[in-house]
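A.B. asks: When you number the sequence shown by the working numbering, it's gap-free, plus one each residue, and the end is 396. Following this message is one structure expressed as structure tokens.
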Amino acid sequence: MEVLGFLINFFWGIGYAQVCSAPTQIIYYFDFYKKRSYSSFVDILSENNNAQENNVLSKALFNLMFYAFCVVLFLFVVDVYLVNNHEGVAGIFGDFFGGVLNPILTFLTFLGLIVTIVVQRHDLRLSRVEYEKTAEALTTQSVENTFFNTLELHHKITDNIKFDLSALDGGAYLDKLSGVKKFLKLASASYDTKYSDVTVSDDSASAIAAINMVEGRAAFDGVLKYLAKGAASPKQVLERYGIIQNEYNHVFGHYFRNLYQVLKLIDRYEESIVSESSKKKYASILRAQLSTKELALLFVNCLDGVCDKGKFKNLLIKYKMFEHLPIKLAGGSKSRFIIGGGAGIVVDRSMVLQYKKEKEFPMLDLVKVYGGAFGENRSVPYNLARKDYLSQETQ
């Protein structure tokens with residue numbers, strides 16, 4: 002029917018053009034109906050119109066074959082009629098019938114080839130969609146396996162942390178031992194003005210070390226007690242944490258570096274592989290693994306001038322890692338806060354503001370580094386490999 006409508010409109014357009022005696026009108030209508038027919042042809046072959054509930058292609062093919070069959074049947078009936086009633090004309094019409102039937106059958110064969118190509122194209126597209134879904138599923142599985150493996154490694158690192166609190170200020174474990182009468186008999190407490198260390202006799206040193214060796218998450222609680230001892234000010238908290246970083250980085254450095262790599266692993270995937278919502282989901286899972294004491298120590302660890310240059314802190318801000326960190330005003334002050342729950346540490350307003358917005362880095366890093374296996378480690382002089390390095394040193 003669509004083909005018949007096209008022919009009627011086409012010849013009507015030609016007749017109208019002839020009446021107007023305008024050859025340009027013929028070209029105009031020809032081009033107009035050609036584009037219109039092409040649009041209809043594309044719609045017929047479109048996958049949207051060839052779904053199971055709306056198979057336009059099947060309907061069009063059925064109609065075409067049905068009308069072709071009707072034409073052949075009509076010509077056959079006419080041929081039989083002429084053979085019986087007009088023998089002289091029957092031979093001529095028989096030749097006409099054969100000449101018409103062959104092109105019709107050839108056309109139907111060609112049409113079947115086109116339909117086969119269209120169906121194969123649809124099947125290939127569906128196969129490609131399924132392949133993409135399978136590849137996406139495999140990619141998601143790979144990402145999740147990598148993430149949960151690093152998460153398991155993080156737990157192992159946490160469980161393997163061992164720290165002797167007696168190496169720090171005596172106040173870090175004083176509360177814990179206050180009820181132990183045996184310790185009070187053995188130890189003689191004397192605090193110096195700088196670190197307030199507890200000094201004990203040589204005979205009791207081994208007993209103290211055995212009691213104050215903490216493992217796993219208990220180490221974070223002990224360190225926070227050390228940082229908060231004596232209602233330490235924010236400045237004192239940073240100074241004490243600096244001692245831990247300088248003297249005992251081998252204990253907690255591995256923990257924080259691995260935690261940074263887990264967040265970096267989540268963040269580095271492209272949107273096409275891991276969506277932003279999935280990244281937030283993974284970050285939430287990671288955040289749920291951290292205790293309050295770990296979050297509080299992480300807060301101090303990533304402050305400016307401690308050990309992070311801002312990259313770790315930016316990830317903490319982006320994925321809201323401190324969303325469940327207990328924080329409250331310290332007494333009547335509006336510029337100081339206590340974080341970490343009971344026996345928490347005191348921080349000031351400037352520390353909290355550092356976690357408000359991500360730090361912006363310059364497009365070009367003009368600071369020179371030595372490179373090689375040291376990468377961006379800026380502790381090594383960048384010009385160490387130059388031949389004139391020693392001569393510059395002697396000048």
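Ideal Cβ positions, reconstructed from N, Cα and C, are used throughout, including at glycine.
Report back the beta-carbon spacing between Leu267 and Ala289 to the nearest angstrom; my notes put them in contact at under 8 Å.
C.D. replies: In the sequence as displayed, the identity of residue 267 is Ile instead of Leu. Going by Cβ atoms, the distance from Ile267 to Ala289 rounds to 14 Å, so no, they are not a contact pair.
A.B. asks: For Ala344, which residues of its own chain have a beta-carbon under 7 Å away from its beta-carbon, when the five flanking residues on both sides are left out?
C.D. replies: Taken in chain order, the residues that qualify are Leu225, Lys226, Ala229.
A.B. asks: At the level of alpha carbons, what is the spacing between Tyr132 and Thr140?
C.D. replies: 12 Å
A.B. asks: Any chance you could list the alpha helix (DSSP H) runs of at least 4 consecutive residues sitting entirely within the stretch 293-375, in chain order?
C.D. replies: 293-302, 312-319, 350-354
A.B. asks: Any idea if Cys71 is buried or exposed, counting beta-carbon neighbours within 10 angstroms, 16 or more meaning buried?
C.D. replies: Exposed, since its Cβ has fewer than 16 Cβ neighbours within 10 Å.
A.B. asks: Kindly indicate which three-state DSSP category Lys388 falls into: helix, strand or coil?
C.D. replies: coil
A.B. asks: Measuring CB to CB, does Val263 end up less than 7 Å from Thr151?
C.D. replies: yes
A.B. asks: What does a CB cutoff of less than 8 Å around Ala233 pick up in its chain, not counting 5 residues either side in sequence?
C.D. replies: Arg241, Ile346, Val347
A.B. asks: Report the three-state DSSP secondary structure of Lys163 (helix, strand or coil).
C.D. replies: It is a strand residue.
A.B. asks: Quick one: measure Cβ to Cβ for Tyr261 and Val144, integer angstroms, because I've assumed they're closer than 8 Å.
C.D. replies: The pair is not a contact, with the Cβ atoms about 18 Å apart (cut-off 8 Å).
A.B. asks: Give the straight-line distance between the Cα atoms of Asp305 and Ser351, rounded to the nearest whole angstrom.
C.D. replies: 10 Å
A.B. asks: Going by other Cβ atoms of all chains shown within 10 Å of its Cβ, with 16 needed for buried, is Lys167 buried or exposed?
C.D. replies: For the sequence presented, residue 167 should be read as Ser rather than Lys. Buried.
A.B. asks: Hey, could you find the ends of the beta strand (DSSP E) Glu272 is sitting in?
C.D. replies: Counting along the chain, Glu272 falls outside any beta strand (DSSP E), and DSSP gives it neither H nor E.
A.B. asks: Provide the residue(s) that pair with Met214 in DSSP beta bridges, ordered along the chain.
C.D. replies: Asp165
A.B. asks: Got a sec, what are the start and stop residues for the alpha helix (DSSP H) Arg241 sits in?
C.D. replies: 235-248
A.B. asks: Is Gly231 helix, strand or coil by DSSP?
C.D. replies: In the structure shown, Gly231 sits in coil (DSSP, three-state: anything other than H, G, I, E or B).
A.B. asks: Please state the DSSP three-state secondary structure of Arg379.
C.D. replies: Three-state DSSP puts Arg379 in coil, outside helix and strand.
A.B. asks: In angstroms with no decimal places, state the Cα-to-Cα distance between Thr117 and Phe111.
C.D. replies: Each residue's alpha carbon lies about 10 Å from the other.
A.B. asks: Determine, using beta carbons only, whether Met364 comes closer than 7 Å to chain B.
C.D. replies: In the displayed structure, chain B is absent; only one protein chain is listed.
A.B. asks: When the Cα atoms are used, what is the spatial distance from Pro327 to Phe300?
C.D. replies: 12 Å
A.B. asks: Taking its Cβ as the centre, do 16 or more other Cβ atoms sit within 10 Å of Glu153, making it buried, or is it exposed?
C.D. replies: exposed
A.B. asks: Alpha helix (DSSP H) containing Leu287: first to last residue?
C.D. replies: Note, Leu287: alpha helix (DSSP H), 277-289.
A.B. asks: Between the alpha carbons of Leu65 and Ile105, how many angstroms are there, rounded?
C.D. replies: 11 Å
A.B. asks: Contact check, His155 vs Asn259 under 8 Å by CB: the rounded distance?
C.D. replies: 6 Å
A.B. asks: From Tyr371 to Leu354, what does the alpha carbon distance come to, in whole angstroms?
C.D. replies: 33 Å
A.B. asks: Is the separation between the beta-carbon of Lys163 and that of Glu216 shorter than 7 Å?
C.D. replies: yes
A.B. asks: If we count the other Cβ atoms within 10 Å of its Cβ and call it buried at 16 or more, is Ile340 buried or exposed?
C.D. replies: That one is buried.
A.B. asks: Taking 7 Å as the threshold (C-beta atoms), are Leu298 and Phe221 in contact?
C.D. replies: Contact flag set, yes.
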